[in-house]
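Residue numbers (my numbering): 234 to 879.
For every residue, glycine included, the Cβ atom is placed at its ideal position computed from N, Cα and C.
Just below is one structure, and these are the notes that go with it.
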Ligand code: MSK
């Protein structure tokens, strides 16, 4: 039996207000409008029949949105306001800020939020390595010694040290870079020197992770400058500290502790839940928690405990990016992406959802209250009212994980079988394409990939990344974009919720080459890989940076000269804004689906979609229709090819 669980504040089941409840005859149509995936639609219909409130319902009730907030021309940064720039005699805030300043300041705030989120996650991963190396974190250790040694070498650490000593020195060296006073960071040096020179001259080479975020917070205070241009340049610099710093550390050290991903097969969609097993979903971003839960759930005594309550075992499934981390490394099945998170609960088949942080709806405890699911929050910075709070630290993770898994087992008899709906036919997916795994598949180097690009069999590469957003039919943007690009012989690499959208649509299966153009089909077919490669979680966008840096070095060009492009067709998160910004900063132009809140300043829009190109050879486009976005992206790839003479 479980230890006693902490007290919880009870919260109510959130129902759609009666007047807004979907009429039975409208349910099918609404499900079609809201989502693309078959399994998602099936559970969404059940959810609508039961009247459980979801993100789509809340989105509908928020319409129409505030025009001023949508355009970025509202401000509540100081107590002289709040202000809205309504035109006429109201074109400046009380402090005097005009639209350019207000929009740029808000955007810098958003980028810094995203960069801080990734980097705080990265720091926690590195801190866990430090504790593991010192023997203070039971259950954590160095799993990929070769990678740890490679990183240690990069940081100038003596190769003769023992594993634990080298890991400790590496962790300390990385932690130092969060606030280093050296004025430079190590990992941006992975890019070609010509890129470093360009970034330096453009003022976007980051000095340290914390410093750029703190300076961003300083700049957004009222009265710290008026030049929108400087705000935006600092935004790109802050994002570079994330991509080439905090996120990259998160990825690399997760590989060190939990293993560098290798190519493997798994299953995806809400159908991965099981009727006869204790279902536990892991949601959030940090593998420190999820890896330990997986380890504990596999213990023979836990499996026996599940059998003792009448289940056939324990079924761990992933959600969002912590799911991506498990999918990449262990082939743990993935129940869904961002907008599936409530639906995993509304299947009625989930005994426990265990979360860490980021992308977790604050109402999940209300959703859980409508069913028998127990919700656990585990981070002091992400406590959820109405959930059980079980703080996880590197020191107590094993014991706390055991308590949560046991609580899920004890909850199995409470499942109401008559309320359960688990869709059938989860979809197969081939996953685990770290840069190392791609190289292995290619015989040890990226040269064959470069050759395929040079020969034109592959026209270029597209990084499709980011979230879901109820502004757009769930998964439609990702799937449409990927299908259209592979048709044009563009290899797609994907992370985050984008990769799960495409996995649900079958694009992460080798058989999907039948939907690709002739050249891409030939290359992927000969390797037995899909035309859309799963590269991991949100922090793993740093893998895409490493990929393009290595390709550029091989080709002896700058990153911004490569025929590569990025897209975030359904983004919602400040982290996605940071990712888009460091892609652009690194030289990869990005097409956004939803319009950021910048429309109130023509100057800011022009700088991001046009002027930036003059300084760093990359820019943003905004195009909500993925079919139009494809044309922009493909055109860009062909322009880059032409400039290279290929
Ligand atoms: S989980 S940031 S909705 S990709 Fe990384 Fe998905 Fe976006 Fe969250």
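Less than 6 Å between C-beta atoms, sequence neighbours within five positions excluded: which residues of the same chain meet that for residue i?
{"i": "residue 406", "result": "388"}
{"i": "residue 880", "result": "Here the chain has residues from 234 to 879 only, and residue 880 is not among them."}
{"i": "residue 263", "result": "255"}
{"i": "residue 848", "result": "435"}
By a C-beta neighbour count over all protein chains shown, 10 Å radius and 16 as the cutoff for buried, is residue i buried or exposed?
{"i": "residue 825", "result": "buried"}
{"i": "residue 586", "result": "buried"}
{"i": "residue 702", "result": "buried"}
{"i": "residue 518", "result": "buried"}
{"i": "residue 218", "result": "A question about residue 218 goes unanswered here, because the residues of the chain that appear run from 234 up to 879."}
{"i": "residue 657", "result": "exposed"}
{"i": "residue 451", "result": "exposed"}
{"i": "residue 603", "result": "buried"}
{"i": "residue 639", "result": "buried"}
{"i": "residue 299", "result": "exposed"}
{"i": "residue 454", "result": "exposed"}
{"i": "residue 251", "result": "exposed"}
{"i": "residue 261", "result": "exposed"}
{"i": "residue 446", "result": "buried"}
Following a CB-centred definition, is residue i positioned closer than 6 Å to any heavy atom of ligand 1?
{"i": "residue 696", "result": "no"}
{"i": "residue 808", "result": "yes"}
{"i": "residue 351", "result": "no"}
{"i": "residue 328", "result": "no"}
{"i": "residue 711", "result": "no"}
{"i": "residue 516", "result": "no"}
{"i": "residue 454", "result": "no"}
{"i": "residue 553", "result": "yes"}
{"i": "residue 729", "result": "yes"}
{"i": "residue 699", "result": "yes"}
{"i": "residue 571", "result": "yes"}
{"i": "residue 883", "result": "Residue 883 falls outside the range modelled here, since the chain spans only 234 to 879, and no answer is possible."}
{"i": "residue 246", "result": "no"}
{"i": "residue 725", "result": "no"}
{"i": "residue 735", "result": "no"}
{"i": "residue 603", "result": "no"}
{"i": "residue 771", "result": "yes"}
{"i": "residue 592", "result": "yes"}
Can you give me the Cβ contacts of residue i inside the same chain, cut-off strictly under 7 Å, excluding the 5 residues immediately before and after it?
{"i": "residue 242", "result": "618, 619"}
{"i": "residue 355", "result": "479, 480, 482, 483, 772"}
{"i": "residue 800", "result": "695, 697, 714, 823, 824, 862, 866"}
{"i": "residue 729", "result": "554, 557, 698, 699, 700, 770, 771"}
{"i": "residue 362", "result": "400, 404, 486, 489, 490"}
{"i": "residue 765", "result": "715, 719, 725, 727, 735, 740, 741, 745"}
Considering only residues of the same chain and omitting the five flanking positions on each side of residue i, which have a CB-CB separation below 8 Å?
{"i": "residue 720", "result": "748, 749, 750"}
ask   = Do the segment 334-345 and the segment 459-468 touch if we need at least three Cβ pairs shorter than 8 Å?
value = yes
Would you call the segment 566-579 and the segment 536-543 in contact, with 3 or more CB pairs under 8 Å? Too few Cβ pairs lie closer than 8 Å, so no.
query = Any contact of the segment 319-327 with the segment 371-378, i.e. 3+ C-beta pairs under 8 Å?
reply = no
Exercise. Going along the chain, which unbroken runs of the beta strand (DSSP E) with 3 or more residues stay wholly within the segment 431-503?
Worked result: Counting whole runs of 3 or more residues, the segment 431-503 contains the beta strand (DSSP E) stretches 497-501.
Would the segment 268-280 count as touching the segment 506-518 if we require 3 or more Cβ pairs under 8 Å? no
| task | Could you tell me whether the segment 309-316 touches the segment 698-714, using the rule of 3 or more Cβ pairs below 8 Å? | result | no
Next on the checklist: Threshold first: 3 residues or longer. Then list the beta strand (DSSP E) segments lying entirely within the segment 528-610, N to C.
Outcome noted: 547-552, 567-569, 585-588, 607-610
Worksheet item: Counting pairs of beta carbons, one from the segment 668-687 and one from the segment 747-762, are three or more of them closer than 8 Å?
Response: yes
Exercise. Is the segment 702-718 close to the segment 825-839, with three or more CB pairs under 8 Å?
Worked result: Touching, yes, given that three or more Cβ pairs across the two stretches are closer than 8 Å.
Could you pull out every unbroken beta strand (DSSP E) segment of at least 3 residues lying fully inside the segment 789-864, listed in chain order?
797-801, 823-825, 853-855
Q | Cβ contact (3+ pairs, closer than 8 Å) linking the segment 658-675 and the segment 551-561 | A | yes
Quiz item: For the segment 298-370, which segments carrying the alpha helix (DSSP H) assignment without a break, of at least 4 residues, lie completely within its bounds, in sequence order?
Solution: 300-303, 332-366
Ignoring anything shorter than 4 residues, give me the alpha helix (DSSP H) runs that lie fully in the segment 634-684, in order along the chain.
668-674
Note to self: With a threshold of 8 Å, are at least 3 pairs of Cβ atoms found where one atom belongs to the segment 412-419 and the other to the segment 438-452?
What the structure shows: yes
What residue ranges within the segment 371-417 form continuous alpha helix (DSSP H) runs of no fewer than 4 residues, ordered along the chain?
Along the length of the segment 371-417, whole alpha helix (DSSP H) runs at least 4 residues long occupy 378-387, 396-411, reported in chain order.
May I ask you to verify whether the segment 773-789 touches the segment 737-752, counting CB pairs closer than 8 Å and requiring at least 3? Output reads no: the segment 737-752 does not touch the segment 773-789.
So, does the segment 596-614 touch the segment 632-652, judging by three or more C-beta pairs under 8 Å? yes
* Asked: Taking one C-beta from the segment 840-855 and one from the segment 723-740 each time, how about it: are there three or more such pairs within less than 8 Å?
  -> no
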